[in-house]
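Have a look at the structure below, then the notes.
Protein chains in written order, with the UniProt record's numbering: chain A, 1 to 470; chain B, 1 to 470.
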């Protein structure tokens, strides 16, 4: 097949709203296919400003994210993946500071820690080497859908860097909304169509904390904790997590229901709460830093967003990433799923021979079940991380699950859920849920069967002893 | 108890956004309690403008609506109820124009037809006799929640009747958002709090039609159809309904999935579709009027909206009516439920000894289950109206249900669902669903039991015959 024809859709204009992770990858992907791409971003160019967001949660890049990066550009993927820190498992910290490792994969597979802003900057750097036009400080104020056959949709922006806040109108063949959970493009699009929409706040807040690199010259490593694990301090209804950064530091996040944090009303209470629940982390973070965190760091809220359909009826506009499906961060799949959105859409464009309208329309139908599935999995995984990881029932189950997983393909098919979601980009999220349902029923049978056997054996023994005594 | 103290909360300011049905009743209710009320409306004063909405669905006032009107003002309720037309049942029209009556109540109870704009005008007329301040042409552009203890929330409006679109800011102790499914107040409120929100478009459109009063002097009645029924032409996946107006006319509504109306692409096709499906209605409406309807009447969409919580965390603002829970119109409960919202809130204010903050906060907790329940019932009732009303299974069930309902209280408790929802304002919507679940199981047992008995009897007879033959 002629590469020139199949992969190049010359100079149809694509406007992308949002230069976050998904918007950047979408821009690179459309550009690689020969579209003329303009990328709009509400904020200033991050390379020109200091990043002091204080609400980042380190990302865990896994198979789906990597596959999408490679789909767009193999060499780019390699350049980016140089900066990741592999995490082979969870490291569970108990109240006394004892650490237990629980591997993620069956054969040493790892998910990979990377700082969100850093990854965003990597993608923007890639964009600078293309002819993608990037307009920072552009605030979307209006969207007008196409009227009639030949017309194309329009977007109006205010350039906030200009003194007189001049508005400019742009016309595109296709528009991608990738401007996050609070998407302004989505709000505008909703005015022109019947779009189902739901937003649900999960009763949980999060605060960012920081473990510095080691200062001691004696240390072999610059890391104060094992960098190749995702550290978790599970405390049933709240938890602390920590992910390593390349410089030896760890970005930590404290998650709790709002009532827990609102029940703490002074810096002293906060420090004493922290010391009691996360003793070893308290030692690493230090009291001064903890006080600053309590007094100055913002509390983030967790929001689930879902829309349907993802595309406009005329097939000219589409929502990708958090703008379409913002999920809670507990499966580490938000970015991976957003990247997979981009790959799925690009493959559809190829499949439809470059007919973008047709691809946008098919996307909703094809992607809905998978996006619903991962949003649900992400929510369910909070209970696993904060609570179940310490239960005997869970640990036994995980052990059987892993054992069966290692035997997969020999006599039967068995793939643990975590493996399907994080390491098997060839299994759709919705399939993963279906397969897990079957496997879960089987595991239940084994576990309850074992318990019943124990109970029956005990009963028989009891009766025998009672018989001997009488 | 001193009426002066218990019922009068002197001159605390209440701002109400939206002078539709629920906003007007809320204004009258707060005013009756001694609050200083300002009512804002985006549209012009309806008494000054011709109503040509063309998207009205006649309302069916029933027990909950009447109770709320009476709660606010007994005499007002009587003045309004003079204008209603009681509907004792459904009148089912088959394809040949044969009509069958199905009574709503067990003892002749009726729901009551009234024109939406007319009812709105009645309430505004009541308001004119109070010192409630009504500001038409006021478009809400900003809401600012209270900061700190003593401050009160602010709203900024643009007076669209003024040439230079001057904006004015108002300060209130309490704010009620009653500006409908597309509530602007809700949008503003959401910016200040974590509010769950969902909107779901039901795949269905509606078009308003009109049956004129009788022109013939010979007719005993000015009505071309029995006015004391809600007329239904159920056609499985689409339907026509008609409700009487005082002047002898009927307001009709055609409901169908979007694919049905979009499959009709010319006036001729529309007329032939209508003639085929609704022959008797076609004769009454007339071809010329049907053509005008097809060519000029807008197609309405059906939207379900739900929020949680209904109040702001500081207890200063609340959402009532469609702004909080827009439902589909198939149980005739949208307005009744909105009016019940007002009564529920007012009774809470009394219960809390005039502490509005406390009442707003309790409202969410108390009202949630009932609002979820009626939204679900409204959606389910489409299937009943458009389809089930013609099935033998349904008709048999309804007959047993009615029979048991008539015996209610003698040997057991039994109240048909429709009666609980429409005629029993003392039964909460959520209770109605619970009771119906129990009754439904019992009816299933009777119906399946009967079928099994018939089957077994037939089997025995068959075996006997076979035995005789061999």
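We put the CB at the ideal spot given by N, CA and C, even for glycine.
Asked, Found
"Beta-carbon gap between residue 41 (chain B) and residue 138 (chain B) smaller than 8 Å", "yes"
"Nearest to residue 202 (chain B) (by Cα), restricted to the options B:35, B:45, B:300 and B:72", "B:300"
"Whole alpha helix (DSSP H) elements within the segment 7-95 of chain B, 4-residue minimum", "21-32, 63-72 and 74-81"
"Proximity test, Cβ basis, 8 Å: residue 312 (chain A) and chain B", "no"
"Members of the segment 179-199 of chain A near chain B, C-beta cut-off 8 Å", "194, 195, 196, 197, 198 and 199"
"Chain B contacts from the segment 293-327 of chain A (Cβ-Cβ distance under 7 Å)", "301"
"Option nearest residue 497 (chain B) by Cα separation, candidates B:31, B:242, B:255 and B:142", "Lying before the first or after the last residue shown, residue 497 (chain B) is absent from chain B, which here runs from 1 to 470."
"8 Å Cβ cutoff met for residue 102 (chain A) and residue 92 (chain A)", "yes"
"Per-residue contacts from residue 201 (chain A) into chain B (C-beta, under 7 Å)", "194 and 196"
"Residue 329 (chain B) classed as buried or exposed, judged by whether at least 16 other C-beta atoms fall within 10 angstroms", "buried"
"Same chain, Cβ closer than 7 Å to residue 244 (chain A), five either side skipped, listed in chain order", "85, 113, 223, 227 and 250"
"Cβ-based neighbour list, residue 76 (chain A), same chain, cut-off 6 Å, excluding 5 preceding and 5 following", "126"
"Closest Cα partner of residue 364 (chain B) within the set B:334, B:210 and B:311", "B:311"
"Anticipated Cβ contact below 8 Å, residue 499 (chain B) with residue 152 (chain B), distance rounded", "One cannot answer for residue 499 (chain B) here, as it falls past the ends of chain B, which runs 1 to 470."
"Inter-residue CB distance, residue 39 (chain A) and residue 66 (chain A) (contact presumed, cutoff 8 Å)", "That belief does not hold up - the Cβ atoms of residue 39 (chain A) and residue 66 (chain A) are roughly 22 Å apart, past 8 Å."
"Any 3 or more C-beta pairs closer than 8 Å across the segment 227-243 of chain A and the segment 255-265 of chain A", "yes"
"Short Cβ contact (8 Å threshold) for residue 198 (chain B) with residue 197 (chain A)", "yes"
"Three-state secondary structure (DSSP) of residue 145 (chain B)", "coil"
"Segments assigned beta strand (DSSP E), at least 3 residues, entirely inside the segment 245-326 of chain B", "250-256, 300-308 and 317-319"
"For residue 222 (chain B), three-class secondary structure by DSSP", "coil"
"Rounded distance between the beta-carbons of residue 453 (chain B) and residue 322 (chain B), thought under 8 Å", "Actually they are not in contact, since the Cβ atoms of residue 322 (chain B) and residue 453 (chain B) sit about 48 Å apart, beyond 8 Å."
"Within-8 Å CB hit, residue 312 (chain A) to chain E", "In the structure shown, chain E cannot be found, because the protein chains are A and B."
"Residues that DSSP places opposite residue 159 (chain A) in a beta bridge", "A:138"
"Bridge-paired residues (DSSP) for residue 236 (chain B)", "For residue 236 (chain B), which the question treats as bridged, DSSP gives no partner whatsoever."
"Reduced DSSP secondary structure (H/G/I, E/B, other) of residue 177 (chain A)", "strand"
"Beta-bridge partners of residue 98 (chain A), as assigned by DSSP", "Residue 98 (chain A) pairs with nothing; no bridge assigned."
"Where the beta strand (DSSP E) through residue 370 (chain B) begins and ends", "From DSSP, residue 370 (chain B) is part of no beta strand (DSSP E) but of the alpha helix (DSSP H) over 356-386."
"Inter-residue CB distance, residue 408 (chain B) and residue 400 (chain B) (contact presumed, cutoff 8 Å)", "That belief does not hold up - the Cβ atoms of residue 408 (chain B) and residue 400 (chain B) are roughly 13 Å apart, past 8 Å."
"Opposing strand residues paired with residue 400 (chain A) [DSSP bridges]", "Answer is none; residue 400 (chain A) lacks a bridge partner."
"Three-state secondary structure (DSSP) of residue 331 (chain A)", "helix"
"Residue 215 (chain B) - containing alpha helix (DSSP H), residue span", "Where residue 215 (chain B) is concerned, there is no enclosing alpha helix (DSSP H), given that its DSSP letter is neither H nor E."
"Option in B:462, B:354, B:413 and B:342 with minimal Cα separation from residue 64 (chain B)", "B:342"
"Start and end residues, alpha helix (DSSP H) containing residue 170 (chain A)", "Element bounds for residue 170 (chain A): not the alpha helix (DSSP H) but the beta strand (DSSP E), 167-171."
"Simplified DSSP assignment, three categories, for residue 113 (chain A)", "strand"
"Cut-off 7 Å between Cβ atoms - residues of its own chain near residue 294 (chain B), not counting five sequence neighbours on either side", "267 and 270"
"Of the listed residues B:100, B:362 and B:110, nearest to residue 81 (chain B) (C-alpha basis)", "B:110"
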